[in-house]
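Only one structure is covered here, and it is reproduced in the block below.
2 protein chains.
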Amino acid sequence: MSLTVVGSIAFDAVETEGGKRDRLLGGAAVHFSLASSFLAETRIVGPVGDDFGAAEYAVLHDRGVITDDVEHVPGGKTFFWAGRYERDVNIRHTLQTDLNVFETFEPKLSQASRDADVLFLANIQPDLQRAVREQCAGARFSALDTMNLWIDIAHESLVKTIKTVDCLIVNDGEVKQLTDEPNLVRAARAVMELGPKVVVVKQGEYGSAMYTPEGVFGLPAYPTADVVDPTGAGDTFAGGFMGYVAAHADEEISDGLLRRAMAYGTALASFNVEAFGTERMQTLTPDEVNERVQELARVTVFDASPVPLRA
Amino acid sequence: MSLTVVGSIAFDAVETEGGKRDRLLGGAAVHFSLASSFLAETRIVGPVGDDFGAAEYAVLHDRGVITDDVEHVPGGKTFFWAGRYERDVNIRHTLQTDLNVFETFEPKLSQASRDADVLFLANIQPDLQRAVREQCAGARFSALDTMNLWIDIAHESLVKTIKTVDCLIVNDGEVKQLTDEPNLVRAARAVMELGPKVVVVKQGEYGSAMYTPEGVFGLPAYPTADVVDPTGAGDTFAGGFMGYVAAHADEEISDGLLRRAMAYGTALASFNVEAFGTERMQTLTPDEVNERVQELARVTVFDASPVPLRA
Chain A
653 MSLTVVGSIA FDAVETEGGK RDRLLGGAAV HFSLASSFLA ETRIVGPVGD
703 DFGAAEYAVL HDRGVITDDV EHVPGGKTFF WAGRYERDVN IRHTLQTDLN
753 VFETFEPKLS QASRDADVLF LANIQPDLQR AVREQCAGAR FSALDTMNLW
803 IDIAHESLVK TIKTVDCLIV NDGEVKQLTD EPNLVRAARA VMELGPKVVV
853 VKQGEYGSAM YTPEGVFGLP AYPTADVVDP TGAGDTFAGG FMGYVAAHAD
903 EEISDGLLRR AMAYGTALAS FNVEAFGTER MQTLTPDEVN ERVQELARVT
953 VFDASPVPLR A
Chain B
653 MSLTVVGSIA FDAVETEGGK RDRLLGGAAV HFSLASSFLA ETRIVGPVGD
703 DFGAAEYAVL HDRGVITDDV EHVPGGKTFF WAGRYERDVN IRHTLQTDLN
753 VFETFEPKLS QASRDADVLF LANIQPDLQR AVREQCAGAR FSALDTMNLW
803 IDIAHESLVK TIKTVDCLIV NDGEVKQLTD EPNLVRAARA VMELGPKVVV
853 VKQGEYGSAM YTPEGVFGLP AYPTADVVDP TGAGDTFAGG FMGYVAAHAD
903 EEISDGLLRR AMAYGTALAS FNVEAFGTER MQTLTPDEVN ERVQELARVT
953 VFDASPVPLR A
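Residue numbers (my numbering), protein chains in the order written: chain A, 653 to 963; chain B, 653 to 963.
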């Protein structure tokens, strides 16, 4: 039942056509854990500085996220990211990245975090991800995310780390870049040859795809007219996905279970984008999440009965 | 039951990483009608030159396509398009476009074509599309495709034409450009405000989405590792979609029927890309098509039963 996530805890400054916020709670591990908290008890591991205070902890604690392994670096400043989205929110410009306490981060997991049933390695340097994976050797299901930077400058280490996890959860462009294969089916197969049995590909506004030994699953994004701030959508998706796996510890991790996990990830991500930062996730209710999964089923269903065709 | 398509009949020269062909049968109306021929009797309307011979007619006739309204322009040459696809076949470069007989094309429909139950206006100049629409005033269901060129240089005429049809079938980028709205849900709504009750958005490798008064439908593309030549995939999709509507004349055109139509369009398009030009469609069998629709259902299905969530 227990889930550990290791990754960034951040303050974000976000500009969109509709508004501007200077200091939003953010970071991959934060977005992930707020989503996963709807499904499973979640332990978050990552560094923060002196500027990370009671208000920020409260957002996590209100969702039951266990922050024992949040490492406070005295005298340090929390990771900071600033970005601007164009009117087409699919186009994002990074304006500033200050690693701050993240620069010297060496994940130290408590025994409780090491005992995790399910482990998610959010996007950090792949050597660090591998060190965490080694500390959580007993995890029943492990996954990692990464980014173009590591694919470029730490390819060998990244591949070594990918070999140690059950599942890769990355963007469309990243899996193609990682494998140097522009066709998604082939790219996913190439990842599976490295080791992971499951490849989950995030496709932004188009949805997501999953490759398992049992087949391929494709799921559109939940169609929403109101995208306020897409920051953290991918991490929220991963949180719902991994949380679902953690919540169903009594079930075999089948293709069917992972499909349901994808639906919960998709539903949760669709809420995350409806407001700035973590604002929407803070007010979200379980009923809203389940209702959106049902709506997603209505969005995707069709009758495939064969019809007479002309030879 | 009868379906009329008006649009280009062409010779294509296509270069890919895997090969090069100098003279393939192509054109929107050809790709469309080969697909729709699996579902409904199809009449193709478009001009050809002296270079369009028995071999080309045979491809259409072998699929039962009625070519009575193919207009032979004596002394003319058939529309010619040359393009190159990168290793990532989602990136296409047009190398040459010779309008030839298309330059002076004025669609003249026989009574049989005018009596069409279902009408598809493939991508041609919107004034011409509107003239055809007026000739087929009795069609039970009509749709049109267009392109960025007409959105740019004939916007007013295009909007006037869109108002006259039941359905718009265009690419993702085109519907956003047409409506100046980067969010797909809002873009589709904006089109529906112009008149069409149905908006179908083609998203290439990601699949397609449909907006009707009853809701939104999202369908991934059929996952294929073997894309040889994507030329005509969108027209093939439209052919399957419109063919399905034409084939079910006894049914109300409901959201459910149109979803099934999308599945047939998607399945047919996935075959079209497996070989150059029309080659794969020429050998395709009804059983293969129905089987792929079933596979598409397996690719998209998931269990949306609500689960206990943590408050």
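The C-beta atom is built at its ideal place from N, Cα and C for all residues, glycine as well.
Are there 16 or more other CB atoms within 10 angstroms of the CB of N742 (chain B), so buried, or fewer, so exposed?
Sixteen is the threshold: since fewer than 16 other Cβ atoms of the shown chains lie within 10 Å of the Cβ of N742 (chain B), the residue is exposed.
Stretch-stretch touch, CB-based, cutoff 8 Å, three pairs: the stretch 743 to 763 of chain B with the stretch 771 to 791 of chain B
The stretch 743 to 763 of chain B is in contact with the stretch 771 to 791 of chain B.
Over the uninterrupted alpha helix (DSSP H) stretch that includes S907 (chain A), give me the two end residues.
Inspection of the sequence shows that residue 907 (chain A) is occupied by Asp rather than by Ser. Boundaries of the alpha helix (DSSP H) around D907 (chain A): D907 to N924.
Contacts of T952 (chain B) in chain D (Cβ-Cβ under 7 Å)
Here chain D cannot be found, since the structure's protein chains are A and B.
For the beta strand (DSSP E) that D721 (chain B) lies in, which residues bound it at each end?
Membership of D721 (chain B) in any beta strand (DSSP E) is not indicated, and neither H nor E is assigned to it by DSSP.
When Cβ atoms are compared, which residues of the stretch 677 to 692 of chain B fall closer than 7 Å to chain A?
Correct list: S689, F690 and L691.
Of all the residues that make up the stretch 852 to 869 of chain B, which are near chain A by a beta-carbon distance shorter than 8 Å?
Taking 8 Å as the Cβ-Cβ cut-off against chain A, the residues of the stretch 852 to 869 of chain B that qualify are Q855, E857, Y858, G859, A861, G867, V868 and F869.
C-beta contact flag for Q907 (chain A) and E866 (chain A) at 8 Å:
The residue you asked about is not Gln; residue 907 (chain A) is Asp in the sequence shown. The criterion of a C-beta distance shorter than 8 Å is satisfied by D907 (chain A) and E866 (chain A).
What residue from B:D703, B:C819, B:R739 and B:A764 has the CA that sits closest to E693 (chain B)'s CA?
Checking every option, the nearest Cα to that of E693 (chain B) belongs to B:A764.
Among A:D878, A:Y709 and A:A806, the one whose alpha carbon lies nearest that of E926 (chain A):
Minimum Cα distance to E926 (chain A) is reached at A:D878.
Check the Cβ of V941 (chain B) against every Cβ in chain A and list those closer than 7 Å, keeping chain order.
Those within 7 Å of V941 (chain B) in chain A are L961.
Whole-angstrom distance between V658 (chain A) and K854 (chain A), CA atom to CA atom:
Approximately 19 Å between the Cα atoms of the pair.
In the DSSP assignment, find the unbroken alpha helix (DSSP H) run with R675 (chain B) in it and report its ends.
Judged by DSSP secondary structure, R675 (chain B) falls outside any alpha helix (DSSP H) and instead within the beta strand (DSSP E) spanning G671 to G678.
Might you give, ordered along the chain, the residues of its own chain that have their beta carbon closer than 6 Å to the beta carbon of C788 (chain A), omitting 5 neighbours on each side?
R766, A768 and L771, listed in sequence order.
Simplified DSSP assignment, three categories, for G895 (chain A):
Helix.
For a test of the three-state rule: what should DSSP assign to S689 (chain B), helix, strand or coil?
DSSP places S689 (chain B) in coil when its eight states are reduced to three.
Using beta-carbon positions only, say whether V717 (chain B) and S689 (chain B) come within less than 8 Å of one another.
Yes. Within cutoff.
Contact set between R912 (chain A) and chain B, taken where Cβ atoms lie within less than 9 Å
What R912 (chain A) touches in chain B: F954, D955, A956, S957 and V959.
Along chain A, which residues have their Cβ under 7 Å away from the Cβ of D740 (chain B)?
Going along chain A in sequence order, the residues near D740 (chain B) (Cβ under 7 Å) are P834.
Tell me the DSSP secondary structure of I696 (chain B) in three-state form.
I696 (chain B): strand per DSSP, three-state reduction.
Do three or more CB pairs link the stretch 913 to 932 of chain A to the stretch 720 to 732 of chain A at distances below 8 Å?
Proximity of the stretch 913 to 932 of chain A to the stretch 720 to 732 of chain A falls short of the contact definition, fewer than three beta-carbon pairs being nearer than 8 Å.
Just mark H745 (chain A) as buried or exposed, buried being the case when its beta carbon has 16 or more other beta carbons within 10 Å.
By the 10 Å Cβ count, H745 (chain A) comes out exposed.
List the residues of chain A whose Cβ lies closer than 8 Å to the Cβ of P875 (chain B), in chain order.
Simply L836, V837, A861, V868 and G870.
Going by C-alpha to C-alpha distance, which of B:V697, B:W733, B:V959 and B:P872 sits closest to F889 (chain B)?
Nearest neighbour of F889 (chain B) by Cα position, chosen from B:V697, B:W733, B:V959 and B:P872, turns out to be B:P872.
A949 (chain B) touches chain A at which residues, Cβ-Cβ below 8 Å?
Here the neighbours are F954 and A956.
Simplified DSSP assignment, three categories, for G856 (chain B):
In the structure shown, the three-state DSSP call for G856 (chain B) is helix.
How is the beta strand (DSSP E) around N823 (chain A) delimited, first residue to last?
Its beta strand (DSSP E) spans residues C819 to N823.
Of all the CB atoms in chain A, is at least one closer than 8 Å to the CB of P778 (chain B)?
Cβ-Cβ to chain A under 8 Å: no for P778 (chain B).
Under 6 Å Cβ to Cβ from A734 (chain B), same chain only, skipping five residues before and after it: list those, please.
Closer than 6 Å at the Cβ level, and outside the excluded window around A734 (chain B), lie A665, L747 and Q748.
Can we say the stretch 818 to 835 of chain A touches the stretch 786 to 806 of chain A, given the rule of at least three CB pairs closer than 8 Å?
Judged by Cβ distances under 8 Å, the stretch 818 to 835 of chain A makes contact with the stretch 786 to 806 of chain A, as three or more pairs qualify.
I need the boundaries of the alpha helix (DSSP H) containing A783 (chain B), first residue and last residue.
P778 to Q787 is the span of the alpha helix (DSSP H), which, as asked, contains A783 (chain B).
Within 8 Å of any Cβ in chain B, is that where the Cβ of Q946 (chain A) sits?
Q946 (chain A) has a beta carbon lying within less than 8 Å of a beta carbon in chain B.
Helix or strand or just coil, what does DSSP make of A861 (chain B)?
Strand at A861 (chain B).
Counting C-beta neighbours from all protein chains within 10 Å, is the total for A706 (chain B) 16 or more, i.e. buried, or is it exposed?
Classified as exposed, A706 (chain B) has fewer than 16 neighbouring CB atoms from the shown chains inside 10 Å of its CB.
So if DSSP puts R744 (chain B) in a beta bridge, which residue, or which two residues, is it bridged to?
Under DSSP, the beta-bridge partners assigned to R744 (chain B) are B:Y737.
Which residues in the same chain as M914 (chain B) place their Cβ atom closer than 8 Å to its Cβ, once the five residues preceding and following it in sequence are excluded?
The beta carbon of M914 (chain B) sits closer than 8 Å to those of V852, S860, M862, F869, L871 and F893, all from its chain and outside the five residues before and after it, given in chain order.
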